[in-house]
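Numbering-wise, our numbering puts 135 at position 134 of the sequence shown, and it's gapless, one number per residue. Glycine is no exception: its CB is placed at the ideal position from the N, C-alpha and C atoms. These notes concern the structure reproduced below.
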Amino acid sequence: MNASVPLFFRQFQRDFFHMGAVMPSSRYLGQAGVAYLARKQGPVRVLEAGAGTGSFTREIIPLLEPGDSLDAVELNTGLVSYLRHRLHTDVDFLPRPGVTINLINADVRSVASGQYDFIVFSLPLTNFPPPLVQEILSLMMARLKPGGVFSYVKYIFIGRFKYLFGGPQVRAHMDANQAIIQSFAGRYQIDRRAVLRNVPPTWVYYWQKQ
Ligand SMILES: C[S@@+](CC[C@H](N)C(=O)[O-])C[C@H]1O[C@@H](n2cnc3c(N)ncnc32)[C@H](O)[C@@H]1O
């Protein structure tokens, strides 16, 4: 078993709120997350929000060409140490010469300047209180260049179970979050894909800033 799985699970047990998943995203989900980046033309700046153990990072790096850069932001210090080790030792994470990779141990809300051509986002928005969802999504869209693409993931069944079996407070929280996400989606969504080969199955949504 890949060492990232037990590490990820331990962090999930410690901090469900920020982790939001029991295991790292699959290779299939990683590939879906970077589907628009794979069609890039010319030099790009990429932001990865919630890099975890590197499921999306591993798919992003081979797509980058000399002059491109990636800022991979992750809040959890233990996961950042693990990912730093992977970046230094794992051939799957080896960038081409001339590609800049910055691994940043921080809250994504500290990304207060600069603009990106692609944002690959996997924070567990459904765990967060509505004002935080609003704050983070507003910031992400502000950090996206016109024409840039933002991809984010959302589990397909988990929300429904939570909604069915949660109390009125849980449902009100989920409704409020969904309304916020829908207001962004109504403005920006260009595509979505279901990835069934992931635990759990997941939607990937793509938003583009016109
Ligand atoms: C669902 S996991 C996804 C991890 C990884 N991208 C993957 O797909 O396997 C969410 C990740 O977002 C990180 N995270 C949560 N809130 C964050 C924040 N405000 N800023 C940066 N990272 C955050 C968590 O620590 C966790 O690693």
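- The segment 57-114 contains, as complete beta strand (DSSP E) runs of 3+ residues, the segments 70-75, 101-106 (chain order).
- Distances between the C-beta of F57 and the heavy atoms of ligand 1 include at least one below 6 Å.
- In the structure shown, S26 falls within a coil segment according to DSSP collapsed to helix, strand and coil.
- For the 7 Å CB-CB criterion, A33 and V205 form a contact.
- About 5 Å separates the beta carbons of L126 and V134, which is inside the 8 Å limit, making them a contact pair.
- Between the beta-carbon of L80 and that of L71 there is about 16 Å, and that puts the pair past the 8 Å contact cut.
- Taking C-beta atoms under 8 Å as the contact rule, G99 and R59 fail to qualify, at a distance of about 19 Å.
- Annotated three-state conformation of Q42 is coil, per DSSP.
- V35 is the residue among T54, R172, V35, Q42 whose C-alpha sits nearest the C-alpha of L48.
- F10 sits away from N128, with the two beta carbons spaced by 7 Å or more.
- By alpha-carbon distance to R97, the top candidate from D176, Y37, P63, R28 is P63.
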